[in-house]
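Residue 4 is where the sequence shown starts when you use the numbering used here, and the numbers rise one by one after that.
All C-beta atoms in this analysis are idealised placements derived from N, C-alpha and C, irrespective of residue type, glycine included.
This structure is a prediction, so every number in the text was calculated from the model and none was measured.
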Amino acid sequence: MKRRIRLRLSHLLALTFGMISCVVFIGIGLLSDRNMQTMIQTQQDQALTARIERIEVFLKDSDSLELLIQHPRLYENMLGQQDNLLILRRNDQVIIEINPLNIQMPKLSFQPELKFQNNQTDQPSTRLASKQLNIQGQRYQLIAGKQLLEGQQTLTQYRQKLIGYSIFGVLLSTLTAWLAGHYLLRSIRQLIDASTQIDLNQHSSRFDIQSVSKEVNELTYAMNTMLTRIDSSYQQMARFSADIAHELRTPLNNLVGQTQIVLSHFRTQQDLENLLYSHLEEYERLNQMIESMLLIAHLEHGEYVQDQQYIQLKPMLDELIEYFSFLAEEKQMGFKLDLEHGLEQRFSLQGHPILVERAVANLISNAIDYGHENSDIRIQVKAQLSKLMISVLTPQVRIEEVHLPHLFDRFYQIETSRHASGKSGGLGLAIVKSIMQLHQGEVGVENTPDGVVFHLIFPPSFC
Numbered sequence: 004m005k006r007r008i009r010l011r012l013s014h015l016l017a018l019t020f021g022m023i024s025c026v027v028f029i030g031i032g033l034l035s036d037r038n039m040q041t042m043i044q045t046q047q048d049q050a051l052t053a054r055i056e057r058i059e060v061f062l063k064d065s066d067s068l069e070l071l072i073q074h075p076r077l078y079e080n081m082l083g084q085q086d087n088l089l090i091l092r093r094n095d096q097v098i099i100e101i102n103p104l105n106i107q108m109p110k111l112s113f114q115p116e117l118k119f120q121n122n123q124t125d126q127p128s129t130r131l132a133s134k135q136l137n138i139q140g141q142r143y144q145l146i147a148g149k150q151l152l153e154g155q156q157t158l159t160q161y162r163q164k165l166i167g168y169s170i171f172g173v174l175l176s177t178l179t180a181w182l183a184g185h186y187l188l189r190s191i192r193q194l195i196d197a198s199t200q201i202d203l204n205q206h207s208s209r210f211d212i213q214s215v216s217k218e219v220n221e222l223t224y225a226m227n228t229m230l231t232r233i234d235s236s237y238q239q240m241a242r243f244s245a246d247i248a249h250e251l252r253t254p255l256n257n258l259v260g261q262t263q264i265v266l267s268h269f270r271t272q273q274d275l276e277n278l279l280y281s282h283l284e285e286y287e288r289l290n291q292m293i294e295s296m297l298l299i300a301h302l303e304h305g306e307y308v309q310d311q312q313y314i315q316l317k318p319m320l321d322e323l324i325e326y327f328s329f330l331a332e333e334k335q336m337g338f339k340l341d342l343e344h345g346l347e348q349r350f351s352l353q354g355h356p357i358l359v360e361r362a363v364a365n366l367i368s369n370a371i372d373y374g375h376e377n378s379d380i381r382i383q384v385k386a387q388l389s390k391l392m393i394s395v396l397t398p399q400v401r402i403e404e405v406h407l408p409h410l411f412d413r414f415y416q417i418e419t420s421r422h423a424s425g426k427s428g429g430l431g432l433a434i435v436k437s438i439m440q441l442h443q444g445e446v447g448v449e450n451t452p453d454g455v456v457f458h459l460i461f462p463p464s465f466c
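Structural data, given as structure tokens:
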């Protein structure tokens with residue numbers, strides 16, 4: 004298995020910037036080299052053009068032409084450089100040929116326009132200019148040439164300097180990028196150092212990193228938010244562990260204590276039957292608690308997401324009221340259903356029918372268990388902006404504000420005595436919260452003059 008090379012972010016930034024700079028300098032270098040070649044060739048062509056024009060003026064004087072024909076060395080002395088070339092032809096006859104380097108000449112046709120070309124296609128050594136002249140009724144061809152070596156030497160020197168400057172520029176930009184990255188990423192290093200300081204004993208610690216980079220500040224805020232959620236989950240898990248230990252210990256202690264008492268003395272058949280009935284109640288309570296915990300686990304894993312259907316609110320609520328009416332009558336309690344007019348025409352609730360019914364049923368059961376006798380449980384359904392809200396009033400009950408944010412936590416008990424947790428094993432409201440989270444909704448609770456009101460709020464996507 005290949006081992007992957009891991010580099011620091013500042014090093015990666017420097018390498019990336021260096022590679023980009025290298026590409027940029029190479030591109031600029033190629034363009035500059037091309038422009039330099041064109042400029043040198045243009046200068047050579049201009050020099051040859053000027054030479055052709057001077058000689059053309061000189062040759063149009065008949066005396067000068069005869070003098071040059073009789074003494075060709077005269078112009079050779081006038082040129083003065085070994086790399087210069089001059090050839091004068093009349094028809095196919097060479098009249099003057101000044102070619103000190105014996106440059107191999109290509110075949111040039113007579114053309115009235117000034118024409119430029121190299122002496123050969125591959126590895127040329129001389130730049131040539133040729134033009135047809137008409138002097139005294141005779142057709143002449145004037146050829147002037149100049150060695151390319153001087154221009155090539157200039158171009159070579161330019162390329163060497165260009166390469167040197169480019170290498171220096173790439174190194175300088177890479178170093179600058181590394182220094183800038185090292186400076187800008189110092190807050191990241193501080194964040195890393197601070198994160199290594201956090202352990203189980205310091206899970207409440209938060210990062211206090213200030214940076215000029217908006218992204219680093221956003222990262223710091225996101226990590227602090229994450230730590231807050233982790234701390235909250237940790238506290239909730241610790242509380243949940245303590246609560247579940249207590250909730251399981253209470254029925255188990257009851258079972259053990261009752262069994263020990265029965266075994267300590269001789270008991271009649273009736274005593275043993277009573278013991279078994281008592282054990283059965285504790286077993287049912289444990290079973291209900293386990294089923295509730297399993298239901299919450301399934302809800303949190305989203306195993307019911309696909310089973311969504313259209314829910315008719317009025318029939319569902321009427322059915323629940325009829326189901327709980329017998330329990331409510333035992334405490335002389337009644338029901339009042341307040342369904343906003345035309346609500347079902349404007350909203351069509353989509354969700355898992357059984358789970359939504361379970362959430363409302365848990366709130367109604369909670370209202371019956373904790374509501375005062377001779378009172379009415381009010382169920383209200385209304386629109387809240389683009390959301391749908393179902394509210395259940397537990398009449399004539401008030402809960403201290405400090406407890407309200409925790410009522411939907413698992414096994415949360417208001418009384419410190421931790422009495423029996425009811426049919427749901429202390430998980431009824433926690434199940435409601437999980438059901439609403441599955442539907443991307445919210446739960447809420449507030450004190451009102453009539454009692455405590457629990458809210459189920461469904462988002463627009465489910466309405």
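Using a 10 angstroms sphere on the CB of G140, the tally of other CB atoms stays under 16, which defines it as exposed. A check of alpha carbon separations from T45 across Q123, I106, L18, R130 identifies R130 as the nearest. Comparing C-alpha distances from I58 to each of G148, R37, E449 shows the shortest one belongs to G148. Cβ neighbours of I460 within its own chain (closer than 6 Å, five residues either side excluded): K390, M392, G444, E445. Nearest neighbour of Y168 by Cα position, chosen from V27, I201, L289, G354, turns out to be V27. About 26 Å separates the beta carbon of P115 from that of L151, a gap too long to meet the 8 Å contact definition. The shortest CA-to-CA distance from D412 to any of K334, A364, K436, D372 is the one to K436. Under the Cβ criterion (8 Å, minimum of three pairs), the region 278-291 does not count as touching the region 326-345. For M392, the enclosing beta strand (DSSP E) has its first and last residue at 390-398. Cβ contact annotation for Q40 (same chain, cutoff 8 Å, sequence separation greater than five): L158, in chain order. By a beta-carbon distance limit of 8 Å, I380 contacts A370. Their separation comes to about 5 Å. DSSP places E333 within a helical segment (H, G or I) once states are collapsed to three. When H268, I417, S267, P463 are compared, the shortest CA-CA separation from L388 is found for P463. Rounded to whole angstroms, the gap between the alpha carbons of H442 and V265 is 49 Å.
Ranked by Cα distance from T179, the options K334, V448, V400, L18 are led by L18. For the set P398, G32, D48, K385, the Cα lying nearest the Cα of Q120 is the one of D48. Rounded to whole angstroms, Q144 and I106 show a C-alpha spacing of 18 Å. Sequence-distant partners of L111 (beyond 5 residues in either direction) whose C-beta falls short of 6 Å from its own C-beta, in its chain, are S133.
Taking the Cβ atoms as the reference, L12 lies roughly 7 Å from G184, within the contact range of under 8 Å.
Separation of S35 and L165 (C-alpha to C-alpha, rounded to the nearest whole angstrom) is 9 Å. Classified as buried, I90 has 16 or more neighbouring CB atoms from the shown chains inside 10 Å of its CB. Of the other Cβ atoms in all chains shown, 16 or more fall within 10 Å of the Cβ of S368; this residue is therefore buried. A distance of 8 Å or more separates the beta carbons of R209 and N220. For L366, same chain residues with a beta-carbon under 7 Å away, outside a window of 5 residues either side, are V395, V435, F457 in chain order.
The beta-bridge partner set that DSSP reports for Y143 consists of R93, L136. Setting aside the 5 residues that flank it on each side, R162 is surrounded in the same chain by D36, each with a C-beta closer than 7 Å to its C-beta; the list follows chain order. L33 and Q96 have their C-alpha atoms spaced approximately 45 Å apart. Annotation: the continuous alpha helix (DSSP H) that includes K436 extends over 431-441. Annotation: the region 20-73 contains no complete segment of the beta strand (DSSP E) (minimum length 3 residues).
Out of P408, E449, D453, the CA that lies nearest to the CA of A433 is found in P408. Looking only at A225, L430, Y186, the smallest Cα-Cα distance to L16 is reached by Y186. Taking 8 Å as the cut-off, the Cβ atoms of H375 and V400 count as close. Under the 8 Å Cβ criterion, the region 316-327 counts as touching the region 352-362, having at least three qualifying pairs.
Cα atoms of I101 and R92: separation of roughly 12 Å, rounded to the nearest angstrom. For E403, the closest of V448, I382, K118, Q383 by C-alpha to C-alpha distance is V448.
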